Amino acid sequence: MPELHLDGLVGPTHNYAGLSLGNLAATANQGSVSAPRAAALQGLAKMRLMLSLGVPQGILLPHDRPNLALLRAMGFDGDDARVLRAAAAEDPALAAVAWSASAMWTANAATVSPAPDTADGRTHLSVANLATMAHRALEWPQTLAQLRLLFADRRYFAVHPPVPQGFGDEGAANQMRFAPAHEAPGVEVLVYGVNAGGRFPARQHPRASAALLRRHSVARGHLVRQADDAIEAGAFHNDVVAVANGPLLFAHEQAFEDRAAVLALLEREVPGFVLVEAKASEIPLADAIQSYLFNAALVSVDDGMALVLPREARDTPNVWAFLERVVDDPANPIHSLHVQDLRESMRNGGGPACLRLRVALEDAALAAVDRRFLLDEARIAALEELVARRWPERIAPHDLGNPDLMHEARAARAALLDLLGIPAAELQAAEWQAAGALAAAA
Ligand code: SUG
378 MPELHLDGLV
388 GPTHNYAGLS
398 LGNLAATANQ
408 GSVSAPRAAA
418 LQGLAKMRLM
428 LSLGVPQGIL
438 LPHDRPNLAL
448 LRAMGFDGDD
458 ARVLRAAAAE
468 DPALAAVAWS
478 ASAMWTANAA
488 TVSPAPDTAD
498 GRTHLSVANL
508 ATMAHRALEW
518 PQTLAQLRLL
528 FADRRYFAVH
538 PPVPQGFGDE
548 GAANQMRFAP
558 AHEAPGVEVL
568 VYGVNAGGRF
578 PARQHPRASA
588 ALLRRHSVAR
598 GHLVRQADDA
608 IEAGAFHNDV
618 VAVANGPLLF
628 AHEQAFEDRA
638 AVLALLEREV
648 PGFVLVEAKA
658 SEIPLADAIQ
668 SYLFNAALVS
678 VDDGMALVLP
688 REARDTPNVW
698 AFLERVVDDP
708 ANPIHSLHVQ
718 DLRESMRNGG
728 GPACLRLRVA
738 LEDAALAAVD
748 RRFLLDEARI
758 AALEELVARR
768 WPERIAPHDL
778 GNPDLMHEAR
788 AARAALLDLL
798 GIPAAELQAA
808 EWQAAGALAA
818 AA
């Protein structure tokens with residue numbers, strides 16, 4: 378059973394605004410000049426690699442940014458240029474929220490329960506509310522609209538609105554699915570945070586995780602608490618310190634609040650459970666987080682599993698030495714390492730695993746996915762050509778008040794929709810329907 382990867386195509390407004398407290402890379406790079414064109418090309422190179430590894434690959438689209446509706450709702454008025462200029466002058470941090478390209482990190486788009494895990498045998502997806510961070514809380518309507526188009530066939534898919542905003546949910550970044558193979562019934566472990574009184578917020582609330590398991594009717598679901606120490610060290614999502622695939626958990630020793638209980642649970646529940654763990658004595662938590670070792674994309678390939686790693690992992694000597702030991706050990710299912718340059722995304726705290734949403738699908742369900750979102754070599758090449766021509770080369774903080782950049786970003790996105798054959802009006806209608814359905818249900 379294939380596992381579709383949906384990567385977020387990095388949008389033309391990618392910038393460094395330091396919006397995410399507790400995400401050390403993002404806050405450290407606040408105010409630096411970004412390179413949206415290079416960022417999108419780096420992401421596309423990763424998608425090409427995934428295709429070459431035999432992984433079906435698709436994209437989620439950048440959202441329409443800057444989000445003028447937000448700025449108008451915050452009291453700025455007049456035409457678009459005036460709204461933008463006034464917001465940037467009066468409240469630059471708010472303007473940056475409106476410009477954020479954060480929808481690129483699609484591991485936060487939704488939580489996905491594949492068909493073998495659910496009571497009705499369909500794949501269930503719940504779009505994440507991303508309630509903790511203002512810039513990310515704006516994402517769900519446009520994400521839901523895209524998921525509704527992608528997974529429209531109700532014979533195979535159920536796409537749910539977000540969990541209510543009072544209960545923060547950050548999607549698959551806090552989900553680990555274990556199964557002997559993709560097609561086998563899985564054990565879904567949803568990781569929540571607490572960190573009461575800590576410096577950094579816990580973004581995934583336990584009630585949201587519990588709600589997801591109920592909504593998706595997951596037969597074998599468990600909640601596990603992330604270590605407060607991990608959140609304090611900068612692991613704002615569980616996927617910064619742990620990743621799972623098949624029967625394998627690849628994680629840092631300090632990822633979970635009660636490590637022994639988590640391992641006992643997995644030993645008991647997961648047939649053939651395998652643990653590949655880095656001890657704090659060989660890789661301090663700080664190095665694991667700085668290098669994004671565990672934010673690798675861990676995928677099944679013909680002869681076992683492969684890890685797609687950011688360059689920062691190779692550049693961190695103790696991390697690379699650990700990885701070489703892992704692949705040299707024949708008892709480990711991970712046989713190959715692939716290093717990708719994702720520097721632009723990494724500087725905002727987004728590694729290979731953040732950039733993709735995994736959706737394990739049987740062949741018939743994969744065939745029912747909206748093909749306009751799916752990629753092959755030729756489409757990747759066409760996207761690269763478009764990005765090279767239309768994406769801004771650089772964005773500095775002072776550009777966020779410039780209406781010309783807004784027009785450039787809008788035109789770039791319009792050209793993208795054109796290339797993919799997705800009419801903007803169709804997306805807009807899906808978005809209104811998505812938002813309306815939620816309002817009606819409330
Ligand atoms: O939510 N960064 C994102 C990174 C998300 C990474 N995703 C996973 N770990 N799955 C975040 O913190 C920074 C944007 C800025 O500061 O401009 C940002 O939103």
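The sequence shown maps to residues 378 to 819 in the numbering used here.
In this text, a Cβ means the ideal position worked out from N, Cα and C, and glycines have one as well.
Nothing here was measured: the structure is a model prediction, and the numbers come from that model.
- The segment 392 to 410 makes no contact with the segment 487 to 504; the number of CB pairs closer than 8 Å stays below 3.
- When the alpha-carbon of residue 769 is set against those of 782, 777, 469, the nearest one is in 782.
- Taking non-hydrogen atoms of the ligand SUG into account, the C-beta of residue 482 is found less than 6 Å away from one of them.
- Taking C-beta atoms as the reference points, residue 474 and residue 511 count as a pair closer than 7 Å.
- Per the DSSP secondary-structure output, residue 687 pairs in a beta bridge with 717.
- Per DSSP, residue 666 lies in no beta strand (DSSP E) segment; the continuous alpha helix (DSSP H) that holds it begins and ends at 662 to 668.
- Only residues of its own chain outside the window of five on either side were considered, and among them 555, 564, 624 have a CB closer than 6 Å to the CB of residue 647, listed in chain order.
- Distance between residue 729 and residue 538, taken at the CA atoms: about 26 Å.
- With contacts defined by Cβ atoms closer than 7 Å, residue 633 and residue 604 form a contacting pair.
- With a contact defined as Cβ atoms closer than 8 Å, residue 689 and residue 668 qualify at about 5 Å.
- The nearest non-hydrogen atom of the ligand SUG is 6 Å or more from the C-beta of residue 546.
- Counting along the chain, residue 699 sits inside the alpha helix (DSSP H) bounded by residues 694 to 705.
- Membership of residue 500 in the beta strand (DSSP E) is indicated by the continuous run 500 to 504.
- Each residue's CA atom was taken as its position, placing residue 561 and residue 425 some 28 Å apart.
- Residue pairing by DSSP puts residue 625 in a beta bridge opposite 622, 651.
- Note: residue 757 is not bridge-paired with any residue in the DSSP secondary-structure output.
- Using a cutoff of 6 Å, the CB of residue 479 counts as near the ligand SUG, since one of the ligand's heavy atoms is closer than that.
- Under DSSP, no beta-bridge partner is assigned to residue 393.
- By the criterion of a C-beta distance shorter than 7 Å, residue 496 is surrounded in its chain by 594, 596, once the five residues flanking it on both sides are discounted.
- In the three-state DSSP reduction, residue 735 falls in the strand class (E or B).
- For the 7 Å CB-CB criterion, residue 616 and residue 765 do not form a contact.
- Considering only 463, 745, 761, 441, the residue with the shortest C-alpha distance to residue 418 is 761.
- Rounded to the nearest angstrom, the Cβ distance from residue 579 to residue 540 is 15 Å, too far for a contact under 8 Å.
- Residue 566 is a Cβ neighbour of residue 553, given a cutoff of 7 Å.
- Boundaries of the beta strand (DSSP E) around residue 553: 552 to 555.
- Taking 4 residues as the minimum length, the alpha helix (DSSP H) runs contained wholly in the segment 496 to 546 are 511 to 514, 517 to 527, in order along the chain.
- Look at the beta carbons and you see the segment 435 to 449 touching the segment 514 to 534: at least three pairs across the two are nearer than 8 Å.
- Straight-line measurement puts the Cα of residue 378 at about 17 Å from the Cα of residue 528.
- Look at residue 506: its beta carbon is at least 6 Å from all of the heavy atoms in the ligand SUG.
- Residues of the same chain with a CB within less than 6 Å of the CB of residue 508, apart from the 5 flanking positions on each side, are 514, 542, 545 in chain order.
- With 16 or more neighbouring CB atoms inside 10 Å of its own CB, residue 581 falls in the buried class.
- By the Cβ neighbour-count rule, residue 664 is buried, with 16 or more other Cβ atoms within 10 Å of its own.
- It is roughly 9 Å from the alpha-carbon of residue 717 to the alpha-carbon of residue 420.
- The distance from the Cβ of residue 719 to that of residue 687 is about 5 Å, consistent with a contact at the 8 Å cut-off.
- Excluding its 5 nearest sequence neighbours in each direction, residue 401 has C-beta neighbours in its own chain below 6 Å: 611, listed in chain order.
- Listed in chain order, the non-local C-beta contacts of residue 679 below 8 Å within the same chain comprise 431, local neighbours out to five positions each way being set aside.
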